[in-house]
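Written out below as structure tokens is the structure these notes cover.
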Ligand code: SF4
Ligand code: SF4
Ligand code: SF4
Ligand code: FES
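Residue numbers (the working numbering), protein chains in the order written: chain U, 28 to 944; chain C, 6 to 159.
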């Protein structure tokens, strides 16, 4: 790295080439006042407070925009500079409340960091919602200001205290433009801009419409960067300085944003996005505004509950644990099933599966990853040898071509969208493949609207074009892949005409997409929920074929990147939360592995592969599974064919649920054990890009709630289990790393300093950003020949419409958590059936009218909403709300390989109702 | 103005411009020349055409004094706030008009009769403060005389 030498206020510093003078000053430990500058935003050079004098330059220059030069002699506080700064500040203060700066009593009034009261009009610092944390005050204090020569005018703008998550008082705005740049450049929302000019200039929306009408995502990025009290979130208005901050990981989706939980009076008062490697100072509405309320929700479980006389009675931990242990002892190992949780930490999951395998004695261990991610695991393992996301999230922004398939990224993984946005801004080609017109389509260069369930045909069509036009990467294929000939054979049936008929996508568009992906390298492929179909594995295999065919694997900004739904699906899988493997996918059937774990755990282990989630439910229904231990999952809402799941769970003789709320599933349990939530425990999550990050305890759990690993260990000990005497999560992690090759180099001490992407076998190993570099995990990449199969259920006369399920931006999974956040509820409060206006008209359905959606398995009622986003012949619902269990309708036809149910597609009919019935 | 009619006039106008942010101001000017003001729907169309957020269009449009966001009234009223008029009470006249017409500067009355704007010096400083109603210059106005001026128009 080239280093540049310069001096700042006579302090010599060396900085890398490309650093600005402002960054150099920071290195030298010299404070420069700034307002418009923010490290996560583009530089703007608008406030001119960071002026410095550089010897040899004719004029003063703004340090935030000027690159450091070799031999620069910089002065930051000459009398001339201070005078100019003072003028700037004086001008701002002529329309910014400043009574506290000029008050003669200010020295006697206290440290100016207390907040007096919550007032309607803020006319001085002590009544400002930001008091104690204001950057502008810091600047003013540095420059010194006790008397103003300019007349002061209060702007008198309406204070907007009716916001969903944050308030806006532009009387306090200093027009630094940070919020505008965050919203336009980073988030790509463009909800706000500068309006008017001169003295009237103000930050606002188009036509001053409410934020909700102008595409605001409620991400809170503007709030996080605002230096003043102009934008303040409800959680910390008038709250003064924070007591402490815990940096942890978001418990919602698989992106794994690092978040700073700000703690006041022993409670999480609000959340600020931290600078994690995946999120780079950003978050989304769920992480930013949907956490504090959940953690401290009055409905949190606070004591163990045991079913007595038809109701729940609170009992002590000793009673509850003994009751659980005594009952579980009654059953043979093949009669008990355990469901681990993609929401819990790695340490929790490890201990729970150890309980299942070492104490309960079977491999009947699974979790909800079946519902969305199993095909990825199976498919990608078949092709590449590893089921994990191949590349890192931050690389997506450097791709030249991005295909996003079946992923409603802006809603389901908003922070990944920021990377797509970054790439698109640099000129990357964005291709969206989705039957629905999702928001992403508006940003796309090309939108392929395939018929639902025809993904394989479309991808095969594209590959045929690539092969026919000689765009395949022969060198890569020859050197690194196998089974290519057989695959070529299978392409025969996918000539453009047939593919156009099968998929409904115009030939020209298929060709354009194929050419772009094959030639504009590096190309990356993103997907998530498209795998929820009865041939999900085929879809994934097709994507893997496409990536290999064009050499887009094992290089930066390429790969097959399957975005995980839940925060720790990856970790739950890594920890052996699956019926056929121990940690790190070590097969239970492999004798050497069995021996290793038997030695470590000191027990005989069962070599038979256990039941998958869907098989468990079927077995419970048949009476073969009699007891179940379920942690942090809500299958009554999330599973396909909810009616049967409920029946199955009701049939269990003994059912234990461990969760933070009394979910719809927990209501069926015999024992409910109150768990600590993410903010109340230490541990690790592994995000979608295989990054292991530290979860840190911020507050104490409510009432008697305990860590999940503790509960499982106590049950195990009472059942005679050995090796469950853990002092804490760190000790559990030490046991994990000893048994898990890909986690071998991980330790809490290391995670204090950095995050690690596995595989990371040794402490010296730097972790692995990109998988399959040089050679595939399985050796050679394997092409898999594919044919087109139509969905298990296709529309017919009786059930003429296709139902697909969707995710909402504002809710997460079954909304066990998000449904308890007022603001999120307001934004997406009930289930809607989205239907194309043409179909709605045919059926005589009006907007907001009640309809009944009927499939072969059940029916639900909901309101209808016509929307062009849904194509003719298709209806869309989400699966977030208990009042309308969408999954009553969906199909349990299983993918033959991955055993994932077909959650995405079911045939239905829609009938108009006269009232809510 | 009904949306269909507007869209019909707008489409050929927009298509004469390149889909480039640099076209924004010329487009806004042309829309204003055609309609006499910038209808909200037109700004939305422009945003859509250029693929930029509506807030960016509105931000730029409000930056320039040349654009108005309501149609001119049948009797456009312009209050001069040039230095001379300002010194002799132009602001008070403006406020009187706002009260009398029950609209704010830059707006138009509900019946479309009057619109109220402010202008910089129009060169009649000797008669300050002046107000221009349609083509007529009303000299030496005071808040009290405002009513008389309006009565003449009814
Ligand atoms: S919350 Fe996000 S989308 Fe909304 S205005 Fe702020 S930055 Fe823009
Ligand atoms: S609202 Fe805050 S961030 Fe936005 S311009 Fe004003 S002071 Fe800056
Ligand atoms: S839900 Fe996902 S994108 Fe949103 S803050 Fe949490 S980890 Fe980030
Ligand atoms: S911080 Fe450098 S100009 Fe504002």
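We put the beta carbon where it would ideally sit given N, CA and C, even for glycine.
Query raised in the report: Can you list, in chain order, the stretches of the beta strand (DSSP E) that have 3 or more residues and sit fully within the stretch 373-447 of chain U?
Result: With a minimum length of 3 residues, the continuous beta strand (DSSP E) runs that stay inside the stretch 373-447 of chain U are 428-432.
Query raised in the report: If you draw a straight line from the alpha carbon of residue 25/C to that of residue 453/U, how long is it in whole angstroms?
Result: As a position in the second chain, residue 25/C is number 20, starting the count at 1. As a position in the first chain, residue 453/U is number 426, starting the count at 1. If you take the alpha carbons of residue 25/C and residue 453/U, they lie about 16 Å apart.
Query raised in the report: Residues in its own chain within less than 7 Å of residue 228/U by CB, not counting five upstream and five downstream?
Result: Counted from its first residue, the first chain places residue 228/U at position 201. Excluding residues within five positions, the ones whose Cβ falls inside 7 Å are 202, 221.
Report task. Could you tell me whether any non-hydrogen atom of ligand 3 is closer than 7 Å to the CB of residue 61/C? Result -> In the second chain, the residue the question calls residue 61/C occupies position 56. No; taking the cut-off as 7 Å, the Cβ of residue 61/C has no heavy atom of ligand 3 nearer than that.
Query raised in the report: With a CB to CB cut of under 7 Å and the five nearest residues on each side skipped, what residues in its chain are close to residue 348/U?
Result: One-based indexing of the first chain puts residue 348/U at position 321. So the list reads 741, 742, 745, once near-sequence residues are dropped.
**Report entry** Reduced DSSP secondary structure (H/G/I, E/B, other) of residue 687/U
**Finding:** As a working mapping, residue 687/U is identified with position 660 in the first chain. Residue 687/U: coil per DSSP, three-state reduction.
Query - Below 6 Å from a heavy atom of ligand 2 - residues by beta-carbon - result: Going by the Cβ distance cut-off, the answer is 200/U, 201/U, 202/U, 203/U, 204/U, 205/U, 206/U, 230/U, 252/U, 253/U, 254/U, 255/U, 257/U, 258/U.
Query raised in the report: Which of helix, strand or coil does DSSP assign to residue 557/U?
Result: Here the question's residue 557/U lines up with position 530 in the first chain. In this prediction, residue 557/U scores a pLDDT of 44, lower than 50, which makes its location untrustworthy; no coordinate-derived value is stated.
Query - Interface partners of residue 530/U on chain C, CB under 9 Å - result: Within the first chain, the letter at position 503 stands for residue 530/U. Chain C residues near residue 530/U: none, gap ~27 Å exceeds 9 Å.
Query raised in the report: Can a CB atom of chain U be found closer than 8 Å to the CB of residue 62/C?
Result: Taking the second chain and counting its residues from 1, the one referred to as residue 62/C is at position 57. By this cut-off, residue 62/C is an interface position.
Query raised in the report: Is it true that the CB of residue 286/U sits closer than 8 Å to the CB of residue 305/U?
Result: Here residue 305/U corresponds to residue number 278 of the first chain, with the count starting at 1. Here residue 286/U corresponds to residue number 259 of the first chain, with the count starting at 1. No, the Cβ-Cβ distance between residue 305/U and residue 286/U is not below 8 Å.
Report task. Tell me whether residue 280/U sits in a helix, a strand or coil according to DSSP, three-state version. Result -> The residue given as residue 280/U occupies position 253 in the first chain. If DSSP states are grouped into helix, strand and coil, residue 280/U belongs with the strands.
Query raised in the report: For the stretch 209-220 of chain U, which residues have a beta carbon sitting closer than 8 Å to at least one beta carbon of chain C?
Result: Of all residues in the stretch 209-220 of chain U, only 211, 216, 217, 218, 219, 220 place a beta-carbon less than 8 Å from a beta-carbon of chain C.
Query raised in the report: residue 132/C lies in the beta strand (DSSP E); which residues open and close that run?
Result: In the second chain, counting from the first residue as 1, residue 132/C sits at position 127. Note, residue 132/C: premise wrong, no beta strand (DSSP E); not H, not E.
Query raised in the report: Is it a yes or a no for the stretch 712-721 of chain U touching the stretch 594-609 of chain U, going by three-plus beta-carbon pairs under 8 Å?
Result: Verdict: yes, contact present.
Query raised in the report: Going straight from the alpha carbon of residue 472/U to that of residue 152/C, what length do you get?
Result: Reading the first chain from its first residue, position 445 is the one you call residue 472/U. Reading the second chain from its first residue, position 147 is the one you call residue 152/C. Pairing residue 472/U with residue 152/C, the inter-Cα distance amounts to about 59 Å.
Query raised in the report: Of the choices 427/U, 936/U, 893/U, whose alpha-carbon is the least far from that of residue 885/U?
Result: In the first chain, the residue the question calls residue 885/U occupies position 858. Of the candidates 427/U, 936/U, 893/U, 936/U places its Cα closest to the Cα of residue 885/U.
Requested in this report: Tell me whether the beta-carbon of residue 111/U lies closer than 8 Å to the beta-carbon of residue 175/U.
Outcome: As a first step, residue 111/U must be located in the first chain, where it is residue number 84. As a first step, residue 175/U must be located in the first chain, where it is residue number 148. In this structure, residue 111/U lies away from residue 175/U, with their beta-carbon atoms at least 8 Å apart.
Query raised in the report: From this set, 876/U, 405/U, 427/U, 480/U, which residue's C-alpha is nearest residue 458/U's C-alpha?
Result: Indexing the first chain from 1 puts residue 458/U at position 431. Looking at the Cα atoms, 427/U is the closest of the given residues.
Query raised in the report: Under a CB-based cut-off of 8 Å, is residue 67/C close to chain U?
Result: Within the second chain, residue 67/C is the residue found at index 62, counting from 1. Residue 67/C counts as touching chain U.
Query raised in the report: So which residues of chain B does residue 241/U contact, with C-beta pairs closer than 9 Å?
Result: The structure shown has no chain B; the protein chains it does contain are U and C.
Requested in this report: Could you name the residues of the same chain whose beta carbon sits closer than 8 Å to that of residue 764/U, not counting the 5 residues immediately before and after it, in chain order?
Outcome: In the first chain, counting from the first residue as 1, residue 764/U sits at position 737. Taking residue 764/U as the centre and dropping the five residues before and after it, the same chain places the C-beta of 770, 771, 772, 773, 774 closer than 8 Å to its C-beta, in chain order.
Query - Partners in chain U for residue 161/C, counting only beta-carbon separations shorter than 7 Å - result: Outside the shown range of chain C, which is 6 to 159, sits residue 161/C, and nothing can be said about it.
Query raised in the report: To the nearest angstrom, how far is it from the Cα of residue 508/U to the Cα of residue 811/U?
Result: By one-based count along the first chain, residue 508/U stands at place 481. By one-based count along the first chain, residue 811/U stands at place 784. Rounded to whole angstroms, residue 508/U to residue 811/U spans 11 Å at the Cα level.
Query raised in the report: If you compare alpha carbons, which of 240/U, 161/U, 63/U is closest to residue 191/U?
Result: Translated into the one-based positions of the first chain, residue 191/U becomes position 164. For residue 191/U, the nearest C-alpha among the options comes from 240/U.
Query raised in the report: So is residue 222/U in contact with chain C if we call contact Cβ pairs under 8 Å?
Result: Within the first chain, numbered from 1, the residue matching residue 222/U stands at position 195. Yes, residue 222/U lies at the interface with chain C (some Cβ there is under 8 Å from its Cβ).
Query - Cβ shell of residue 420/U (< 7 Å), same chain only, five flanking positions each side left out - result: Mapped onto the first chain, residue 420/U falls at position 393. The answer, listed in chain order, is 282, 305, 443, 446, 716.
Report task. Mind checking the stretch 119-133 of chain U against chain C and listing, in chain order, the residues whose C-beta falls within less than 9 Å of any C-beta there? Result -> So nothing in the stretch comes that close.
Query raised in the report: Excluding the five sequence neighbours on either side, which residues of its own chain have a C-beta within less than 7 Å of the C-beta of residue 93/U, listed in chain order?
Result: Position 66 of the first chain, counted from the first residue, corresponds to residue 93/U. Taken in chain order, the residues that qualify are 47, 48.
Query raised in the report: In chain order, what residues of the same chain have a beta carbon less than 8 Å from the beta carbon of residue 214/U, not counting five sequence neighbours either side?
Result: Here residue 214/U is taken as the residue at index 187 of the first chain, counted from 1. Correct list, in chain order: 244, 246, 248, 309, 445, 448.
Query raised in the report: Taking Cβ positions, are residue 800/U and residue 578/U nearer each other than 8 Å?
Result: Working through the first chain from its first residue, we reach residue 800/U at position 773. Working through the first chain from its first residue, we reach residue 578/U at position 551. Taking 8 Å as the cut-off, the beta carbon of residue 800/U is found no closer than this to the beta carbon of residue 578/U.
Requested in this report: Grab me the residues of residue 180/U's own chain with a C-beta within less than 8 Å of its C-beta, minus the 5 sequence neighbours each way, in chain order.
Outcome: By 1-based counting over the first chain, the position of residue 180/U is 153. Result list for residue 180/U: 121, 122, in chain order.
Query - Secondary structure of residue 601/U, DSSP reduced to three states - result: Against the first chain, residue 601/U aligns to sequence position 574. In this structure, residue 601/U counts as helix in the three-state DSSP scheme.
Query raised in the report: Checking contacts by CB at 8 Å: is residue 145/C closer than that to chain U?
Result: Translated into positions along the second chain, residue 145/C becomes position 140. It does not: the Cβ of residue 145/C has no partner Cβ on chain U nearer than 8 Å.
Query - Those runs of the alpha helix (DSSP H) which lie wholly inside the stretch 514-538 of chain U and span at least 4 residues - result: Here the runs fully enclosed are 523-530.
Report task. Check whether the Cβ of residue 45/C lies closer than 8 Å to any Cβ atom in chain U. Result -> Your numbering for residue 45/C matches position 40 in the second chain. Any Cβ of chain U closer than 8 Å to the Cβ of residue 45/C would place that residue at the interface, and such an atom is present.
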